[in-house]
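As structure tokens, the structure follows; a few thoughts come after it.
In this note's numbering, the protein residues as written are 662 to 997.
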């Protein structure tokens with residue numbers, strides 16, 4: 662007897678976006694003394710004027726739930742309709758269980774599948790691709806994708822190369838069936854040869870110690886080689902962006918919105934130049950006020966653009982992200 666198969670919706674789309682920004686606003690003035698720098702230097706190097714850092718109460722779970730509830734409300738979907746919860750994060754600091762399971766329970770889903778993925782800054786785009794396939798393949802009627810980080814937990818406030826970059830926050834998207842294509846084919850991959858360019862510096866065993874040596878007792882930190890990352894991202898990702906447009910059958914002239922990972926304003930500008938983006942295309946520049954929130958950066962940026970009227974329902978948007986690994990992903994979507 663042959664195995665029976667299931668089929669899902671012919672098309673999938675983002676039905677709603679929600680976000681949560683931590684309450685603590687950290688201007689450059691609070692950063693510069695520790696790293697012997699200046700507000701001017703930070704803005705010239707990264708475009709960042711301020712960033713958001715979470716309070717102790719603003720946990721990965723708390724921020725995720727808040728962003729998810731906003732996304733569910735905008736999508737008009739009850740949490741009990743969610744069949745799968747995917748959380749992209751590198752700052753849930755328990756090895757197991759996945760924080761997605763606790764988030765799914767707090768939201769009131771009906772025993773949804775729930776798991777975390779670790780693809781650093783590209784995690785949200787990975788999650789959107791997976792959720793789209795789940796909905797179209799019949800494994801989920803609706804899926805919830807969350808990008809969330811508390812990078813302040815892993816930031817060395819004395820590191821001149823990274824102390825001013827990283828930030829905290831959460832963004833969420835409800836993915837569900839659609840009458841028309843709303844999520845284009847993903848273009849994703851990795852360049853493991855560049856594994857050391859962005860990484861957690863210390864192994865957790867260096868922190869806790871072993872029978873052979875004492876642990877440091879100091880949290881691991883993120884490190885990044887800025888110049889090689891800038892060169893790699895500025896040009897390699899422009900090619901990936903064009904591939905995502907080509908796979909979706911969308912020309913650069915049909916694009917309305919560009920939402921790159923909010924890594925660095927100079928990288929965003931370099932990518933736009935390499936892609937020859939028309940001036941009318943709206944470009945997300947959330948990094949100036951929010952900082953680099955890794956997996957949370959794209960949903961945070963897109964939600965802000967929608968709220969401020971820069972992205973309108975039905976607009977064609979290109980999402981692209983890259984980060985540690987070096988992992989990357991891009992897809993064309995319709996703005997909910």
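All C-beta atoms in this analysis are idealised placements derived from N, C-alpha and C, irrespective of residue type, glycine included.
Small disclaimer: the values here were computed from a predicted structure and weren't measured.
So which of 830, 862, 736, 844 has the shortest CA-CA distance to residue 985? Nearest C-alpha to residue 985: 862.
Checklist entry - Out of 919, 822, 795, which has the shortest C-alpha to C-alpha gap to residue 898? => result That would be 919, whose Cα lies nearest to the Cα of residue 898.
May I ask you to list the residues that DSSP assigns as paired with residue 766? Paired residues: none, contrary to the question.
(message) So, with DSSP's three-state summary, where would you put residue 787?
(response) Here residue 787 sits in helix by DSSP.
* Whose C-beta lies closer than 7 angstroms to the C-beta of residue 965 among residues of the same chain, with five residues either side of it excluded? -> Taken in chain order, the residues that qualify are 947.
Next item on the list: Return the CA-CA distance between residue 882 and residue 752, expressed in angstroms with no decimal places.
Entry: Taking the straight line from one Cα to the other gives about 11 angstroms.
Check your understanding: From this set, 990, 667, 702, 684, which residue's C-alpha is nearest residue 824's C-alpha?
Key -> Nearest C-alpha to residue 824: 702.
Checklist entry - Does DSSP put residue 888 in a helix, a strand or coil? => result Reduced to three states, the DSSP call for residue 888 is helix.
### Per-residue DSSP class, three states only, for residue 925
In the displayed model, residue 925 falls within coil according to three-state DSSP, outside both helix and strand.
Which one or two residues does DSSP pair with residue 677 in a beta bridge? Under the DSSP definition of a beta bridge, residue 677 partners with 835.
Three-way DSSP call (helix, strand, coil) for residue 810 in this model
Residue state, collapsed to three classes: strand.
Check: Taking the DSSP output, what are the residues bridged to residue 851?
Finding: DSSP output for residue 851 lists 988 as bridge partner(s).
* To do: Identify every run of the beta strand (DSSP E) within the segment 728-760, keeping only runs that are complete inside it and at least 3 residues long; order them along the chain.
  => Within the segment 728-760, the beta strand (DSSP E) runs of at least 3 residues that lie entirely inside it are, in chain order, 745-749.
Tell me which same chain residues have a C-beta within less than 8 angstroms of the C-beta of residue 722, skipping the five on either side of it?
-> Residues 760, 763, 764, 767 of the same chain have their beta carbon placed closer than 8 angstroms to that of residue 722, with the five preceding and five following residues left out of the count.
Alpha carbon to alpha carbon, how far is residue 619 from residue 970?
Examination of residue 619 is not possible in this model, given that the chain is present from 662 through 997 alone.
What are the boundary residues of the alpha helix (DSSP H) that includes residue 964? Note, residue 964: alpha helix (DSSP H), 958-968.
Practice prompt. Give the straight-line distance between the Cα atoms of residue 845 and residue 859, rounded to the nearest whole angstrom.
Written response: Going by the C-alpha atoms only, they are around 28 angstroms apart.
- Quick one: residues in its chain with C-beta nearer than 8 angstroms to the C-beta of residue 738, no 5 flanking neighbours on either side, listed in chain order? 676, 677, 803, 835, 837, listed in sequence order.
Note to self: Please classify residue 968 as buried or exposed, where buried requires at least 16 neighbouring CB atoms within 10 angstroms.
What the structure shows: Burial call: exposed.
Among 851, 670, 822, 831, which has the Cα closest to the Cα of residue 731?
Nearest C-alpha to residue 731: 831.
message = Pull the bridge partners of residue 777 from the DSSP assignment, please.
response = BP columns for residue 777 point to 748.
Helix, strand or coil at residue 772 [DSSP, three-state]:
For residue 772, the secondary structure class from DSSP, reduced to helix, strand or coil, is coil.
Residue 664 classed as buried or exposed, judged by whether at least 16 other C-beta atoms fall within 10 angstroms
Burial call: exposed.
Notebook entry, point to check: Given that a residue counts as buried once 16 or more other Cβ atoms are within 10 Å of its Cβ, and exposed if not, what is residue 915?
Noted result: Taking a 10 Å sphere around the C-beta of residue 915, we find fewer than 16 other C-beta atoms and assign the residue as exposed.
- 8 angstroms Cβ cutoff met for residue 828 and residue 784: No.
ask   = How many Å lie between residue 682 and residue 729 at the Cα?
value = Residue 682 and residue 729: Cα-Cα distance of roughly 13 angstroms.
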